[in-house]
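Colleague: Have a look at this one.
Chains as they are written, first to last, in the numbering used here: chain A, 21 to 298; chain B, 17 to 449; chain C, -5 to 286.
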């Protein structure tokens, strides 16, 4: 562990912390500023009208549910498929392994905007792009496997000492058993990191969700909030554009932040204390 | 209603939506509809316009077997971006209220929207009766048919803040009209320490519809392309003059090279700048003292053209029926309902935007205009507005000109004539046969 | 890494890749094939006629000054974004890599932007960086400086966007660096302490070399992100002023969804993907050479 002087540590962290925290303070404070004093650091009074406004405008409970389903679906599939693919890439040998890895790297390089139209035509042809539970299929599947997650799994599985596997093989354990009993328990941090990197995609997705879901009740929260924030000609929130946008933004950010704070205990233990020793 | 969001109304809306949101039913099917019945869907811009559409839909649903439901598209540019993709994926609903002229030729060519002349025998007579022969003829597509129902116009004019003009020693009752008058007024304001004007300098194409393009139309009295939309027509005196005007505005610092927002967030609406190029939709955005101090004047014209009516950009939007419409006749009936005299009048009074109805002024009556004096110049202006060119390349043309405008006017990187020449070459290549 | 790999259990290994292969073929390969097909046509997004043009779109692309501008803009972006991400990311990771009061708080703080919607971040920063009424210039003026044209000058707009993206993604990279720090054997560190090395020397000679794999990963990921920057210029600058923040993907989007020329847009997307792969491979070769 690098021991750095306490003063240096706290200086770096506090300075950075201010830069990172300030926009959020600004966002929250703007959302409760009365119209006319948005943009000031300390509002003269508090005004929650933007909040009542967005709760009145959006079917929040449905939007939240849609976002949760969308996000959980993508995360679950990514963890399941990503981990076994990463394992195969890291620890198994088969013909075309390097090609497969190259292909996965290549998918990272593809801009989503390129695939968006063909994908949209596909899911429309399949009848998924209409209000109803099939909306979830249209949302989830094209996003379902996050390539970065596979790379992270591969990285972690590769980091495990070979001796572990050798011993298990000698005991006669099969690949599946080794994956399940040895590799996965040892790479919990990989699952946490993969979860984090995967879930922000669907949670904050705007482009794809907007394209395939037009029905307010089936829209993810991010799309609902984005539409609210787009109001170029809309006198949203009683003439308080920034107040409305920041309130909606806060609303979108809060569940994720709460989740992260709640999760953080495990997360920290995962990465810091159980971290793999090389 | 979003704009006059008085507390009682807000609570009522909140209540109904929350109940709708929490009941097990979703999918936006209107209440009281028999299971399995078709729900016909309308796309409308999110916000106040979407709310207006919803109100009309409610009225319709109360009296008809077929039920409609309105869905929000994001306001501004992103909505148009998604329409074409939806057409390509055949994932469009019945109707779209708010199609822009920039997109209508592509939509017509694509087969993604219905040929109204062919589908509905009364389509052309309906448009003629409501908006006049000239409008009908103007929006005929290349094949002579009508694919869009011209819906409303928002003539771009120039708001001014009388209190600020007075402060700068200007005659608040006689706003400037020509280039030299405008520039003189801007100068006086700047000397008095008041920001003259704060138009957006964003390079996205449609921003030019609210600064340079109206002044170009005022000077040229024709569009950016030739009659047959196969060559550029802006590289002439009117183009040079109008862009030189804006070059002066930026060179003298009358308009800061800053990213001023639109509407609610524009400095004019906060009482911080004296002039604002915008449309009638901006009237509800003005709150507090600005609302009482505002006046409306015409867009600047070259000094030599100081007399006669001033032409400007009309920002005309349309209603289209998609080819995917499940019930074509009901969709057409709804269009006629949406655009009837009563709803047109309601649209004017609530949205402060102007339906393309020749009898509009009589329909709403004099008393209305007495209560809404700021709307009067806009309604009068509708007599001389021009629209975008009806070319599938209009957005590309405007994008090209936006770059020229940034280069020559905003940042003064090259002479106006040179920038326009370059743009003309590019546009000729773009639209040429 | 330990010796030769034993490979006794590799029968049926490919089965492990089957689920991904199915996903890939359906949701990546097929639409990509479709996009390539489009790129070989004059494919109006909604036009009825779509004539074959062969490599025409690609040939036009390489002579398209705006596309070349967008690539040059990306290089400027990377020149700002990469060093900033590495320096700040490593500094924060090293500072966070210990038990101390407030650690959980700081870690959460750095993670906030990463988990916040891009739309939100872009709109918020657009406002804060506004030349006239932005809060940042407000601060500068209070301190007696002139405000800067963060998003409204051709030379500063792209660097501003590069900083905003770095700010947004740093939390995740800090995490990768923290993971990397864990792989550095404590014995090395302790040996250095015994040798009387200062913390700076230890950082240079123990920590930094140990972080190499993480650094390589972060460089690769932020390079990929850099070539795909879209939402920030789309929402903050529209690609301006004077195309100084035009990025390849924003150009793709404008060509495809606004000009409706999807054949050309597809060609842009394919070329961008190939450029990214080339750049990342070059980086890997460079970094791996230096590690081994």
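The beta carbon of each residue, even a glycine, is placed where N, CA and C say it ideally should be. These figures come from a predicted structure and were not determined experimentally.
Check for me: the beta strand (DSSP E) holding residue 167 of chain B runs from which residue to which?
Modeller: For the purposes of this step, residue 167 of chain B is taken as residue 151 along the second chain, with counting starting at 1. Where residue 167 of chain B is concerned, the enclosing beta strand (DSSP E) stretches over 165 to 169.
Colleague: Taking only three categories from DSSP, how would you classify residue 223 of chain B?
Modeller: Start at 1 with the first residue of the second chain, and residue 223 of chain B comes out as number 207. If DSSP states are grouped into helix, strand and coil, residue 223 of chain B belongs with the helices.
Colleague: Can you list, in chain order, the residues of its chain with a C-beta nearer than 6 Å to that of residue 406 of chain B? Leave out the 5 residues immediately preceding and following it.
Modeller: Reading the second chain from its first residue, position 390 is the one you call residue 406 of chain B. Taken in chain order, the residues that qualify are 121.
Colleague: Which stretch, first to last residue, makes up the beta strand (DSSP E) that contains residue 114 of chain B?
Modeller: The residue you call residue 114 of chain B lines up with position 98 of the second chain. Taken as a continuous stretch (DSSP letters only), the beta strand (DSSP E) holding residue 114 of chain B covers 111 to 116.
Colleague: What number of angstroms, rounded off, separates the C-alpha of residue 312 of chain B from the C-alpha of residue 141 of chain C?
Modeller: Indexing the second chain from 1 puts residue 312 of chain B at position 296. Indexing the third chain from 1 puts residue 141 of chain C at position 147. If you take the alpha carbons of residue 312 of chain B and residue 141 of chain C, they lie about 33 Å apart.
Colleague: Please report the residue range of the alpha helix (DSSP H) in which residue 189 of chain A lies.
Modeller: Locating residue 189 of chain A in the first chain gives position 169, counting from the first residue. Unbroken alpha helix (DSSP H) run through residue 189 of chain A: 182 to 190.
Colleague: Are the stretch 186 to 195 of chain C and the stretch 192 to 202 of chain A touching, with three or more C-beta to C-beta distances below 8 Å?
Modeller: Judged by Cβ distances under 8 Å, the stretch 186 to 195 of chain C makes no contact with the stretch 192 to 202 of chain A, as fewer than three pairs qualify.
Colleague: Is the beta carbon of residue 200 of chain C closer than 7 Å to that of residue 214 of chain C?
Modeller: The residue labelled residue 214 of chain C in the question sits at position 220 within the third chain. The residue labelled residue 200 of chain C in the question sits at position 206 within the third chain. No, these two residues do not count as a Cβ contact at 7 Å.
Colleague: My assumption, with CB atoms under 8 Å, is that residue 216 of chain C sits in contact with residue 163 of chain C. Please give the rounded CB distance.
Modeller: Mapped onto the third chain, residue 216 of chain C falls at position 222. Mapped onto the third chain, residue 163 of chain C falls at position 169. Sure, about 7 Å apart at Cβ, within 8 Å.
Colleague: Can you grab the Cα-Cα spacing for the pair residue 77 of chain C / residue 83 of chain C, in whole Å?
Modeller: By one-based count along the third chain, residue 77 of chain C stands at place 83. By one-based count along the third chain, residue 83 of chain C stands at place 89. When rounded, the distance between both Cα atoms is 10 Å.
Colleague: If I'm right that residue 268 of chain A touches residue 74 of chain A with Cβ under 8 Å, what's the distance once you round it to whole angstroms?
Modeller: In the first chain, the residue the question calls residue 268 of chain A occupies position 248. In the first chain, the residue the question calls residue 74 of chain A occupies position 54. Sure, about 5 Å apart at Cβ, within 8 Å.
Colleague: Touch check for the stretch 102 to 115 of chain B and the stretch 136 to 147 of chain B: three-plus C-beta pairs under 8 Å?
Modeller: No: fewer than three Cβ pairs fall under 8 Å.
Colleague: Identify the residues that DSSP records as bridge partners of residue 57 of chain B: which are they?
Modeller: Taking the first residue of the second chain as 1, we reach residue 57 of chain B at position 41. The partner list for residue 57 of chain B (beta bridge, DSSP) reads B/85.
Colleague: What are the residues of the stretch 234 to 251 of chain C that lie near chain B, defined by any Cβ-Cβ distance shorter than 7 Å?
Modeller: Cβ contacts with chain B: 234, 235, 236, 237, 251.
Colleague: Assign residue 180 of chain C to buried or exposed, taking buried as 16 or more other Cβ atoms, counted over all protein chains shown, within 10 Å of its Cβ.
Modeller: Counting from one through the third chain, the residue named residue 180 of chain C turns up at place 186. Result: exposed.
Colleague: Where does residue 133 of chain C land, buried or exposed, given buried means 16+ other C-beta within 10 angstroms?
Modeller: Here residue 133 of chain C refers to the residue found at position 139 when the third chain is read from its first residue. Looking at its Cβ environment, which holds fewer than 16 other Cβ atoms inside 10 Å, residue 133 of chain C is exposed.
Colleague: Would you call the stretch 200 to 209 of chain C and the stretch 160 to 175 of chain C in contact, with 3 or more CB pairs under 8 Å?
Modeller: Yes, the stretch 200 to 209 of chain C touches the stretch 160 to 175 of chain C.
Colleague: Which chain B residues sit within Cβ distance under 8 Å of residue 54 of chain C?
Modeller: Locating residue 54 of chain C in the third chain gives position 60, where the first residue counts as 1. Neighbours of residue 54 of chain C on chain B: none; closest Cβ ~11 Å, over 8 Å.
Colleague: Given a cut-off of 7 Å on the beta-carbon distance, is the pair residue 202 of chain B and residue 212 of chain B in contact?
Modeller: As a working note, residue 202 of chain B is residue 186 in the second chain. As a working note, residue 212 of chain B is residue 196 in the second chain. Going by C-beta atoms, residue 202 of chain B is nearer than 7 Å to residue 212 of chain B.
Colleague: Would you say residue -1 of chain C faces chain B, with C-beta separation under 7 Å as the test?
Modeller: Indexing the third chain from 1 puts residue -1 of chain C at position 5. The pLDDT assigned to residue -1 of chain C is 49, lower than 50, so where the model puts this residue is not dependable, and the model offers no usable value.
Colleague: Using the Cβ count rule (16 or more neighbours within 10 Å means buried), how would you classify residue 432 of chain B?
Modeller: The residue given as residue 432 of chain B occupies position 416 in the second chain. When all chains shown are included, residue 432 of chain B counts as buried.
Colleague: Locate the alpha helix (DSSP H) running through residue 94 of chain A, then write down its first and last residues.
Modeller: As a working note, residue 94 of chain A is residue 74 in the first chain. That run of the alpha helix (DSSP H) goes 80 to 111.
Colleague: Tell me, which residues are paired with residue 294 of chain B by DSSP?
Modeller: Residue numbering aside, residue 294 of chain B sits at position 278 when the second chain is read from its first letter. Per DSSP, B/173.
Colleague: Is there contact between the stretch 229 to 238 of chain B and the stretch 304 to 321 of chain B, where contact requires at least three CB pairs shorter than 8 Å?
Modeller: A contact exists between the stretch 229 to 238 of chain B and the stretch 304 to 321 of chain B.
Colleague: Residue 70 of chain A to residue 92 of chain A, Cα distance in whole Å?
Modeller: Numbered from its first residue, the first chain carries residue 70 of chain A at position 50. Numbered from its first residue, the first chain carries residue 92 of chain A at position 72. Taking the straight line joining both Cα atoms gives about 29 Å.
Colleague: For residue 456 of chain B, which residues does DSSP report across the bridge?
Modeller: As displayed, chain B neither begins before 17 nor continues past 449, which places residue 456 of chain B out of reach and without an answer.
Colleague: For the putative contact between residue 292 of chain B and residue 282 of chain B, defined by C-beta atoms under 8 Å, what is the C-beta separation to the nearest angstrom?
Modeller: The count along the second chain starts at 1 and reaches residue 292 of chain B at position 276. The count along the second chain starts at 1 and reaches residue 282 of chain B at position 266. Contact holds; Cβ gap of about 6 Å.
Colleague: So within the stretch 107 to 161 of chain C, which uninterrupted alpha helix (DSSP H) runs reach at least 4 residues, ignoring any that extend past its ends?
Modeller: Fully enclosed alpha helix (DSSP H) runs of 4 or longer: 112 to 122, 129 to 136.
Colleague: Do residue 225 of chain A and residue 87 of chain B come within 7 Å of each other at the CB atom, strictly closer than that value?
Modeller: For the purposes of this step, residue 87 of chain B is taken as the residue at position 71 of the second chain. For the purposes of this step, residue 225 of chain A is taken as the residue at position 205 of the first chain. It is not a contact, given that the beta carbons lie outside the stated cut-off.
Colleague: Which residues does DSSP pair with residue 156 of chain B in a beta bridge?
Modeller: One-based indexing of the second chain puts residue 156 of chain B at position 140. B/162.
Colleague: DSSP state of residue 127 of chain B, grouped into three classes?
Modeller: Working through the second chain from its first residue, we reach residue 127 of chain B at position 111. Three-state DSSP puts residue 127 of chain B in coil, outside helix and strand.
Colleague: To which residues does DSSP link residue 264 of chain A through a beta bridge?
Modeller: Reading the first chain from its first residue, position 244 is the one you call residue 264 of chain A. Beta-bridge pairing links residue 264 of chain A to no other residue.
Colleague: Roughly how many angstroms lie between the CA atoms of residue 83 of chain B and residue 344 of chain B, to the nearest whole one?
Modeller: On the second chain, residue 83 of chain B is found 67 positions in, with the first residue counted as 1. On the second chain, residue 344 of chain B is found 328 positions in, with the first residue counted as 1. Distance between the alpha carbons of residue 83 of chain B and residue 344 of chain B: 13 Å.
Colleague: Can you list the residues of chain C that residue 73 of chain A reaches, using a CB-CB cut of under 9 Å?
Modeller: Residue numbering aside, residue 73 of chain A sits at position 53 when the first chain is read from its first letter. Within chain C, no residue comes near residue 73 of chain A; the closest Cβ sits about 17 Å away, beyond 9 Å.
Colleague: Consult DSSP for residue 231 of chain C and reduce its assignment to one of helix, strand or coil.
Modeller: In the third chain, the residue the question calls residue 231 of chain C occupies position 237. Coil.
Colleague: On the CB-based measure, 16 or more other CB atoms within 10 Å of its CB, does residue 42 of chain C come out buried or exposed?
Modeller: Locating residue 42 of chain C in the third chain gives position 48, where the first residue counts as 1. That one is exposed.
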